[in-house]
Every structure is written in structure tokens, then in C-alpha cells.
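Heads up: the sequence lines are chains A and B, in that order.
Note that full-length UniProt numbering has the first sequence beginning at 1, numbered continuously upward.
Note that full-length UniProt numbering has the second sequence beginning at 1, numbered continuously upward.
Using N, Cα and C, we set each Cβ at its ideal position, and we do this for glycine too.
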Amino acid sequence: MLSRVAENIYWLARYLERVEDTARLISVNSHLLLDFPKASGLGWSSLVTITGSEALFNTHYSQHDETSVLCFLCGDRRYPGAIISSLAATREALRSTRDVMPPSVWEEVNQLYISVCKQVGRGSIPRNRDAFLNGVIRSCETVNGMIAGTLSHTQVRTFLTLGQQLERADMTTRIIDVRSANLLPRGTEEIMPFETLQWMSVLKSLTGYQMYRQQVKLGVKGPDVLRFLLQDKRFPRAVACCLWRLSNKLRELPRHAPALTAAKRCLAHVTGARVNELAREPDLLNAFIDRVQIDLNELHGEIGHSWFTSFECVDSQVQEQKQS
Amino acid sequence: MSKLNWHDYAGDRFYDELIATSGDPRPAAKMLCEYLAELDSDELAEHKAAAEVVIQAMGITFTVYSEGSMIDRAWPFDIVPRVMPLPEWRTTEAGLKQRVQALNLFIDDLYQEQRIVRDGVLPAEVLAQSANFRPQCVGIRPPHRVWAHICGSDLVRDGDGTLYVLEDNLRVPSGVSYMLENRNVTKRVLPELFATGRIQPLDDYTAQLYDMLASMSPRAGDEPQIVVLTPGIYNSAYFEHSYLAQQMGVELVEGSDLVVLDDDCVYMRTVDGLKRVDVIYRRIDDLFLDPEVFRPDSTLGVPGLMRAWRGGKVALANAPGAGVADDKVIYAFVPDIIRYYLGQEPLLPNVPSYLCLFEEDRNYVLANLDQLVVKPANESGGYGMLIGPHASREERAAFANLIKANPRNYMAQPTLTLSTSPTLCERGMEPRHVDLRPFILSGESTYVTMGGLTRVALNKGSLVVNSSQGGGSKDTWIVDV
Numbered sequence: 001m002l003s004r005v006a007e008n009i010y011w012l013a014r015y016l017e018r019v020e021d022t023a024r025l026i027s028v029n030s031h032l033l034l035d036f037p038k039a040s041g042l043g044w045s046s047l048v049t050i051t052g053s054e055a056l057f058n059t060h061y062s063q064h065d066e067t068s069v070l071c072f073l074c075g076d077r078r079y080p081g082a083i084i085s086s087l088a089a090t091r092e093a094l095r096s097t098r099d100v101m102p103p104s105v106w107e108e109v110n111q112l113y114i115s116v117c118k119q120v121g122r123g124s125i126p127r128n129r130d131a132f133l134n135g136v137i138r139s140c141e142t143v144n145g146m147i148a149g150t151l152s153h154t155q156v157r158t159f160l161t162l163g164q165q166l167e168r169a170d171m172t173t174r175i176i177d178v179r180s181a182n183l184l185p186r187g188t189e190e191i192m193p194f195e196t197l198q199w200m201s202v203l204k205s206l207t208g209y210q211m212y213r214q215q216v217k218l219g220v221k222g223p224d225v226l227r228f229l230l231q232d233k234r235f236p237r238a239v240a241c242c243l244w245r246l247s248n249k250l251r252e253l254p255r256h257a258p259a260l261t262a263a264k265r266c267l268a269h270v271t272g273a274r275v276n277e278l279a280r281e282p283d284l285l286n287a288f289i290d291r292v293q294i295d296l297n298e299l300h301g302e303i304g305h306s307w308f309t310s311f312e313c314v315d316s317q318v319q320e321q322k323q324s
Numbered sequence: 001m002s003k004l005n006w007h008d009y010a011g012d013r014f015y016d017e018l019i020a021t022s023g024d025p026r027p028a029a030k031m032l033c034e035y036l037a038e039l040d041s042d043e044l045a046e047h048k049a050a051a052e053v054v055i056q057a058m059g060i061t062f063t064v065y066s067e068g069s070m071i072d073r074a075w076p077f078d079i080v081p082r083v084m085p086l087p088e089w090r091t092t093e094a095g096l097k098q099r100v101q102a103l104n105l106f107i108d109d110l111y112q113e114q115r116i117v118r119d120g121v122l123p124a125e126v127l128a129q130s131a132n133f134r135p136q137c138v139g140i141r142p143p144h145r146v147w148a149h150i151c152g153s154d155l156v157r158d159g160d161g162t163l164y165v166l167e168d169n170l171r172v173p174s175g176v177s178y179m180l181e182n183r184n185v186t187k188r189v190l191p192e193l194f195a196t197g198r199i200q201p202l203d204d205y206t207a208q209l210y211d212m213l214a215s216m217s218p219r220a221g222d223e224p225q226i227v228v229l230t231p232g233i234y235n236s237a238y239f240e241h242s243y244l245a246q247q248m249g250v251e252l253v254e255g256s257d258l259v260v261l262d263d264d265c266v267y268m269r270t271v272d273g274l275k276r277v278d279v280i281y282r283r284i285d286d287l288f289l290d291p292e293v294f295r296p297d298s299t300l301g302v303p304g305l306m307r308a309w310r311g312g313k314v315a316l317a318n319a320p321g322a323g324v325a326d327d328k329v330i331y332a333f334v335p336d337i338i339r340y341y342l343g344q345e346p347l348l349p350n351v352p353s354y355l356c357l358f359e360e361d362r363n364y365v366l367a368n369l370d371q372l373v374v375k376p377a378n379e380s381g382g383y384g385m386l387i388g389p390h391a392s393r394e395e396r397a398a399f400a401n402l403i404k405a406n407p408r409n410y411m412a413q414p415t416l417t418l419s420t421s422p423t424l425c426e427r428g429m430e431p432r433h434v435d436l437r438p439f440i441l442s443g444e445s446t447y448v449t450m451g452g453l454t455r456v457a458l459n460k461g462s463l464v465v466n467s468s469q470g471g472g473s474k475d476t477w478i479v480d481v
């Protein structure tokens, strides 16, 4: 497969995953806020923080209210992480990879894009927010189902998985980081009753509540939730699970040693985390998440270097070619 | 709501493809016209809307530039097919094969001995001023001695019902994907009519294209590595490039994906390292193919590609230089070319042409500009033309000066009364002018698509069918009556 196409496929998967994750995040936040008193200080701005886009948001919006945040995250093309922008990027990447992707995937993404443009394309917020977000999530799931059901297990699929798992791991770490920073006990008595609710919301942002309850029979407690989201190898949105699947895919590719080393390093950090301590100490947790994100960036760099741009030494490759 | 009555259809001013002057459907179109007459205007509108939804969902687009930015437009499509009876098509098909066979012999001769010039059939000055003759190709012998592997010839029907060849596109003809997609859309919108089994299928074009390309591979035995070379997503025909690569299951590459090494072989940059390429279906014009040989500023092509081709290490379709025969002045000589190389009379007529190169013709053209269509030798897409009867006095005067300044560059033809075909417009069924572009593949053997792409000038009275200028298209049915 062409390196240029592999790179587009990888990004296509990352953008698509970003669309889905962003929609899930907004959806859960909407439900959560209904349960909280105003005094809790929770609001819409935490979504902007999770996505790491405060600076851009503050340039364009003066208020941190529901309408502004929703406009920004759903339909603002100036923000590359908005649902509409990620979707446009997915579609562009698909345009140049249509020859290797199942045609139904193009049709689905194209339809979703047209529908999203109609609903939020003009700086408005969706009239029926639940239906809008569920539609986006369902459509992304449909695409993943089409890929699972009709795309051969070739390198196309390998690069899709790499992009998807890396993006997913990244989003999970972001959610843990920001959500937990608000959550961790800081001695304010009045927030305490809501702590369980908030940990539940962390799980729900990742659609992990049900799976958590099945696997962790005890109640919803900080260290257990952290352990589950960081180290579980069976829950598809747990960081370790993503890295595990990603590593297995890496092994299918030629010259995979550097990328695999980076993935293993990251996995070792995640599985070695002392969750009890982290759950107690916000600063430790914050530093730990930073470390994991640096790992993920390095892994991303190794993937790019190994398969997308590694043609500086063309001649040695020809030698390799002739020998094989 | 009112139903369609074909006797109210105002198609009597021109030859109509579906409806005879009596107001009755032609025999091959009877099935279709009777079906349409059963529908009321709401149902017709529903069919039209259904087609638009399908086109949008399938993402059938073409790209246009507008004020410096790129816009993806849905492909303008009319749901009423154009119908042609099978026996007429068989004759047309034979004529196209004959024509393309002669053209390939002609191109091959021009780059070898130029017997046709020596024997005085083609004036040396015509060749000398040909913008698409490539001296870099002299002496080369491509596989099967074929240069124009993929040809799209434009056919038009005049008022008396005769089909003429209007021009041959031998460089990078486009439109075949729309022909195939038009059929897919029509099948979804009018499935009942296909159940009769009388509409000839056209599914196997991409399989034929693959086989033809594979037959050119320089490495016999191995499974050939075929690629489609595109200028990229900003090209107006990118949809087609991608579609063809997808349908053939081959890589769609851009110039930067390819590299020519010291062994003169072409390689593509893949995840597994470099991989040798055997056949390139290139959708980039000659002059952009190889900056070492042609335009040095081209970033679309591949440095060294011509070296690889001349060395026989890679096959190119169409061969560089094939465009020499798609010159509109050379066009006028095609009947002679067929006689010269094949010793046969042309089965399909040319539109009578006046070459401004010849004094007698030129004087006639200048005296009759208000009745003629004047075309520059090497433009495509309908640009740079003068349609005499529709032009203003000033435009005609300006064109007369252009002709006098460079007579070799212009040819003229009588304004044909292009045939019409019923088209679903804002106010119901109305006649619109159409042409037909069949595609001809030449390799070891020759293959012609079943029918072709029918393009339609959607604006009332317009003769311009190009998609960049208000044209659309419709499905083409070859029907066994």
C-alpha cells in the first residue's frame, strides 16, 4: 500500500474516532449537568478544557455558557476539533482513499457530513441535541461496523486500527485528566455527595459504566475507576486495551521495531501506574497523564517515521527489495 | 395531476432521439415512452428527486473552480435515458473500431517513417505546426504498436438523422465513470424497465480496461503492477480517477508517490518499501509527465518517467504524443487516413470541415462566419470556439483577425442542427440538445463501450454540453427492438 494512502487512512481513522468521542463527551456532559446544583461550579467550560482548546475558544467567545460551548464543539469550523471540522477532515481523507475503502463507508460519511452541515453548519446549535449527538455516534458506529464487516484484513485495516486506537487512548487520558482534577478531594464538604456521580460521569463519557459494574463488583470509587480506565485489558476504551490492540497490529507491519518499542514503553507506564496514590494526589495524576501523552506523541512520531516518510534512503530500500 | 402526452412534446424542430415527427415514440424508445406516459407530473418529480438523492449519497461529483476555490458539485443528471436501437449501434461500433485502428497506425507512422507525409496524403506543414507532436517520441515502438489505448470520440446527429464523428479525444479522455454511474443511478430509479432484458448491459468496461492495461506490461509472466496516475484531488476529473482505480483494484498514485531509479525502472513508495510499477494509466497531460523532458516546473509528474518509458521498462497509456491525432485540423484528414492505412471507406462520416490553412477554404470561412462554427486546433472542453450564428458582429470580427493571424490553427464546420432528446426540465418534458461519447479501448484487441456517455445541454437552446459550462448527462440505452 502507498505510504501516502497509509497516512491518509491513519488520519481518517483518527478524525472519525474524534468525531465519535467528541459527540459522546458532549452527550454525557449534558445529562450530568441536569443532576448538579449550580453551586458545584461544574459547567460547560470543562468540555473546552478536556479538548485542550481554551485559547482558541476564548478568542472567539466571551461567555462559557451552553450555547457558546456547543456552537464551538459542534459546528465551528475555526476549531479543527469541532465535530463538523473533524468530519470534514474525515471526508477529505476519504476522498483521496476512496479506491481502497468500501464504497458504503464513503456514502455513510458523506451523508453524515451533509446532515451535520445542515444542522449545525451555520453557527447554530442543533434543535434536538440528543437526536443530533446520537445520530453522529450511531453513524460513526455504522462506519466501524461496515469496516468490520466488509474490509479485508489488509494493511488498510492495520492503519485504520492504529489511528483509531491511538486517538481513543488519547481521548481517554484527556478525560481522566480534566474530569479527575475537578473530582479529587480538596476538602470541600459540600461537593462530596456528588463525587460518586462525577466518577460515574467519567465512566459514562467513555460508555464504560456498564462494563465497569460487570467487572468491578464494588461501588464506584476513584482508584477503581482509574485502574479500570487505565489498566483494564478488556474494556475497549481503556488506555491499556487500546495500546494492547495497537501493539498487536504493529507486529503485522514490516520494520515495526521502533514503533513497537514506543508502544511498549507507553504500555509499561500505564500498567505500572500506582492508582491508589494517583487517585489521592491531583498533582501526581496530572504529571502522570502528561507523561502518558508524551509517550503517545512519541508513538505517533515513530509510526509516521517508519511508514509515511521514510524514503530518505531510497537506495538501501532497493537493495532490500532485490534481496527479498 | 396531469400525465405526459408525447403529442404535446415540442420536439419537432430538430431530429429527436426518442420521438418521431409524427409525435409517436420511435420503435426502440416505445417501451420507455409508454412507461413515462403512465406517470403523472408528481411521480416524475419523485423519480427526479430520487435520482438526486442517489447521486448525492453515492458522492458522484465533479470539481469546478470558482473564484479561486474548489467546489465539489453534484453531477447534473437527467433521468430520461437516450435510446438507440441495437442494429444502428452495431454499425456505429464497427465505424469507431475502424477509425481508432487507423488513427493508431497513423500515430505510429508519424513517430516512425512518416510515410503518409512522404506519400503526400498529409501536408508536411500540417504536421510541422502540430502542437501535440512530440519529437521526444520519435522512434519509439510501444507494445502492440498502439498509442491511443483509450479513446473517447464525440458523435453528434444532424437534422437528417445522420450520426457524425465530431472529434476524437486521444489524450486523456474523461467521462467513462459518469457513463457507468449514470447506469447505476438509472437502475435504482427505473428498475422496472431493466426487467424486460432488452436494454444491453455495460458493466464490464473496467474489467476490459484492466485486461488491456495488463496486456501492455513489460514483465511477461508476473502479475503486473498497474497504477492510475492522477494530478490529485483538485483535478476536475479526480472522481473518475479514483473510481477507475477502485473498480480495477489498482493503486491510485500521484506523481510524488513514484520514483525512477538508476535502473530506469519506476517504483512506488509503499509501506513495505519500494515496489516496481509496470503499467501506468496516466491522467496527466503530456507536458506535465516528466519535468526532465517536458515542462521543468511540473510538480505533478515524475522525473525520469520518459527515460523509463523509452527504455521499455514501463508502459504508459495513453502513450505520450498520442494527442497529435486529436488536433482538429488533423481531424479533417481522418477519412483519408482510414483510406490510406486500411484501404477501406470510412463507415462513420466526418462533419464537413474547412481548413483555414488552405486559401480557398479560408476565404469561404471568412465570408461565411455567421453560419459556421470555428474551432482552434488544440483546445478541448469547448473553449476558444466561435459559434457563428450565436455570436455578435464584434466577436466575429475579432475571430476573423485570429484566423488571418494563424490560419493553421483554425478549422470551421457548418453549424449542425444537433439532435435533441426529451429531458425533464422545470416545466416538464422538453427537448434538449445531446451528443454521445463512446469509449474505445485498443490493446491486443479493440473494445467499444455499449453506447457511451450522452451529454446534454441543460440550458434551453444551448449547444454546449460540457459539464464545466452548464451541461449534464443521462443514461444511454442500446435497445434490442
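With fewer than 16 other CB atoms across the displayed protein chains lying within 10 angstroms of its CB, P389 of chain B is exposed. By the 16-neighbour rule on beta-carbons within 10 angstroms, V100 of chain B is buried. Identification of residues in the region 104-131 of chain A having a C-beta nearer than 8 Å to some C-beta of chain B yields W106, E107, N110, Q111, I114, given in sequence order. The beta-carbon distance between H300 of chain A and L166 of chain A, rounded to whole angstroms, is 6 Å. This is short enough to meet the 8 Å contact definition. As a beta-bridge residue in DSSP terms, D154 of chain B pairs with B:E167.
Of the residues B:S236, B:L418, B:R276, the one whose Cα lies closest to the Cα of Q469 of chain B is B:S236. Sorting B:E426, B:N318, B:L402 by C-alpha distance to the C-alpha of D108 of chain B places B:N318 at the top. Partner residues in a beta bridge of A49 of chain B, as assigned by DSSP, do not exist. Sequence-distant Cβ neighbours of G472 of chain B in its own chain, meaning closer than 7 Å and more than five residues away, are P76, F77, D78, V456, L458. One alpha carbon belongs to V5 of chain A, the other to P102 of chain A, and they sit about 15 Å apart.
Beta-bridge pairing by DSSP links I440 of chain B to B:C151, B:V448.
Neighbourhood of T270 of chain B in chain A, by CB distance below 7 Å: M1, L2, S3, in chain order. Unbroken alpha helix (DSSP H) runs of no fewer than 4 residues, entirely contained in the region 227-299 of chain A, are found at 239-250, 257-271, 275-280, following chain order.
The beta-carbon of S177 of chain B is placed no less than 7 Å from the nearest beta-carbon of chain A. T270 of chain B: member of the beta strand (DSSP E) spanning 266-270, first to last residue. At least one CB of chain A lies nearer than 7 Å to the CB of I233 of chain B. Closest by C-alpha distance to A315 of chain B, out of B:L105, B:S217, B:P352, B:L180, is B:S217.
Look at W44 of chain A here: in three-state DSSP terms it is coil, with no helix or strand label. The three-state reading of DSSP puts V120 of chain A in helix, counting H, G and I together.
Between L229 of chain A and R24 of chain A, the alpha-carbon positions lie close to 16 Å from each other.
By the C-beta criterion, the region 258-265 of chain B is judged to be in contact with the region 296-303 of chain B, since at least 3 inter-stretch pairs fall below 8 Å. Cβ neighbours of D232 of chain A within its own chain (closer than 8 Å, five residues either side excluded): Q215, A238, A240, C241. When Cβ-Cβ separations below 7 Å define contact, R98 of chain A makes contact with chain B. Secondary-structure assignment with DSSP links W477 of chain B through a beta bridge to B:V83.
N132 of chain B sits buried, since 16 or more C-beta atoms from the chains shown fall within 10 Å of its C-beta.
Spatial neighbours of D475 of chain B in its own chain (CB-CB distance under 6 Å, excluding positions within 5 residues in sequence) are listed in chain order as P81, N182, R183, T186. Secondary structure within the region 192-263 of chain B: the beta strand (DSSP E) runs of 3 or more consecutive residues, fully enclosed, are 226-229, 251-253, 258-260 (chain order).
With respect to the C-alpha of V120 of chain A, the residue from A:V109, A:V136, A:V105 having the closest C-alpha is A:V136. The C-alpha of V165 of chain B is placed about 22 Å away from the C-alpha of L127 of chain B.
By the Cβ test, the region 5-19 of chain A is in contact with the region 87-98 of chain A, since at least three Cβ pairs between them sit closer than 8 Å. With the criterion set as a beta carbon lying under 8 Å from some beta carbon of chain A, the region 287-314 of chain B has no members that meet it.
Around the beta carbon of D168 of chain B, a 10 Å sphere encloses 16 or more other beta carbons of the protein chains shown; the residue is thus reported as buried. Under the 10 Å beta carbon count, Y383 of chain B is surrounded by fewer than 16 other beta carbons and is classified as exposed.
Distances from the CA of T230 of chain B to each of A:R95, A:N29, A:S205 were compared; the closest alpha carbon is that of A:R95. Counting only runs that start and end inside the region 301-347 of chain B, the alpha helix (DSSP H) elements of at least 4 residues fall at 305-310, 328-331, 334-342.
Non-local beta-carbon contacts of Y212 of chain A in its own chain, meaning distances under 6 Å to residues more than five positions away in sequence, involve L203, F228 in chain order.
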